[in-house]
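Peer 1: Each protein sequence line maps, in turn, to chains A and B.
Counting in our numbering, the first sequence runs from 1068 upward without gaps.
Counting in our numbering, the second sequence runs from 19 upward without gaps.
For every residue, glycine included, the Cβ atom is placed at its ideal position computed from N, Cα and C.
Have a look at the structure that comes next, please.
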Amino acid sequence: KAGVTQTPRYLIKTRGQQVTLSCSPISGHRSVSWYQQTPGQGLQFLFEYFSETQRNKGNFPGRFSGRQFSNSRSEMNVSTLELGDSALYLCASSPGDRGTGLFFGSGTQLSVL
Amino acid sequence: AQSVTQPDIHITVSEGASLELRCNYSYGATPYLFWYVQSPGQGLQLLLKYFSGDTLVQGIKGFGAEFKRSQSSFNLRKPSVHWSDAAEYFCAALNYGGATNKLIFGTGTLLAVQP
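Structure, rendered in structure tokens:
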């Protein structure tokens, strides 16, 4: 099976712009989660989608949003980018059995200038 | 508040030596527990998991872990470290109840391996 695929791998944006990141989960996985990783804050949960419904959201401003499509692919969007949004954004998928664990993609490295 | 603590930010071991990385959790009830490894610029790879049963679990790459309820700990171990094990290791927990897959991560332990 192919793993979790995230595109693009690297992004450079300027303050005020918006960005959309894409994630294709492992085939058959219905849960997709997004995490932000920074040196200062570590790994922080952004949100989780299951069968196209957001079922949990982390403590991030409304500029961060996401969605999941019927084929389980997911996108996250960040509007009005700030310097502090520079981070590695990781997508993880799970089949839905919570004890299985999450399987992560390689991430999208976002740099905001 | 639920939390996961990794007391060691950075550890250096010699190749061939044994390894133990510490992890403590603070939850109302025993959560699902996981160890992940991350190489520079890469995503997280699941090493092993625990949610019930035998308190000694085996994972990939020769890693194992021991769950100790009395100490709220889930320490990662490897009997003989290889240079390729140099990476950052994250302990994570997931609520046993509920429907979400929200993981709480520790701050990570960076492992360096000396030749």
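Classify A/Q1103 as helix, strand or coil using the three-state DSSP reduction.
Peer 2: Strand.
Peer 1: So what does DSSP say about A/L1169, is it helix, strand or coil?
Peer 2: A/L1169: coil per DSSP, three-state reduction.
Peer 1: Here's a check: name, in chain order, each residue in its chain whose Cβ is nearer than 6 angstroms to the Cβ of B/S44, leaving out the five neighbours to either side.
Peer 2: S21.
Peer 1: Starting from A/R1130, find everything on chain B with Cβ-Cβ shorter than 8 angstroms and list it in chain order.
Peer 2: Residues of chain B passing the Cβ test: none, with the nearest at roughly 20 angstroms.
Peer 1: For the beta strand (DSSP E) that A/N1144 lies in, which residues bound it at each end?
Peer 2: Its beta strand (DSSP E) spans residues S1141 to V1145.
Peer 1: Beta-carbon of B/F85 versus every beta-carbon of chain A: anything under 8 angstroms?
Peer 2: Not an interface residue.
Peer 1: On a Cα-Cα basis, can you pick out the residue from A/G1070, A/V1071 and A/S1089 that is closest to A/L1177?
Peer 2: Answer by Cα proximity: A/S1089.
Peer 1: Determine, using beta carbons only, whether A/E1119 and A/S1137 come nearer to each other than 8 angstroms.
Peer 2: Closer than 8 angstroms, so yes.
Peer 1: Any chance the segment 1095 to 1110 of chain A sits against the segment 21 to 32 of chain B, with 3 or more Cβ pairs inside 8 angstroms?
Peer 2: No: fewer than three Cβ pairs fall under 8 angstroms.
Peer 1: Indicate the three-state DSSP secondary structure (helix, strand or coil) for B/Q89 in the structure shown.
Peer 2: Three-state result, B/Q89: helix.
Peer 1: Chain A partners of B/T118, CB-CB under 7 angstroms?
Peer 2: Under the 7 angstroms cutoff, chain A gives E1115, R1122 and N1123.
Peer 1: By the three-class DSSP mapping on this structure, what secondary structure does B/S78 have?
Peer 2: Reading off the sequence, residue 78 of chain B comes out as Ile, not Ser. B/I78 falls in the helix class under three-state DSSP.
Peer 1: Quick check on the DSSP output: the beta strand (DSSP E) that includes A/S1153 runs from which residue to which?
Peer 2: First-last for A/S1153: undefined, no H or E at that position.
Peer 1: Hey, B/S91 and B/R40: beta-carbon distance below 8 angstroms or not?
Peer 2: In this structure, B/R40 lies closer than 8 angstroms to B/S91 by Cβ.
Peer 1: Between B/R95 and B/A83, how many whole angstroms is the CB-CB distance? I'm expecting something under 8 angstroms.
Peer 2: Indeed, because the Cβ distance is near 7 angstroms, the residues count as touching under 8 angstroms.
Peer 1: Rounded to whole angstroms, what's the CA-CA distance from A/E1183 to A/S1173? Just pull it up for me.
Peer 2: The structure shown has nothing for residue 1183 of chain A, since chain A only spans 1068 to 1180.
Peer 1: Does any residue of chain A have a CB that is nearer than 8 angstroms to the CB of B/G77?
Peer 2: Not closer than 8 angstroms to any Cβ of chain A, the Cβ of B/G77 fails to qualify, so no.
Peer 1: Output needed in chain order: residues of the segment 28 to 41 of chain B with a Cβ under 9 angstroms from some Cβ in chain A.
Peer 2: Cβ contacts with chain A: none found.
Peer 1: Under 8 angstroms Cβ-Cβ, which residues of chain B neighbour A/S1098?
Peer 2: Near A/S1098 (Cβ distances below 8 angstroms), the residues of chain B are N119.
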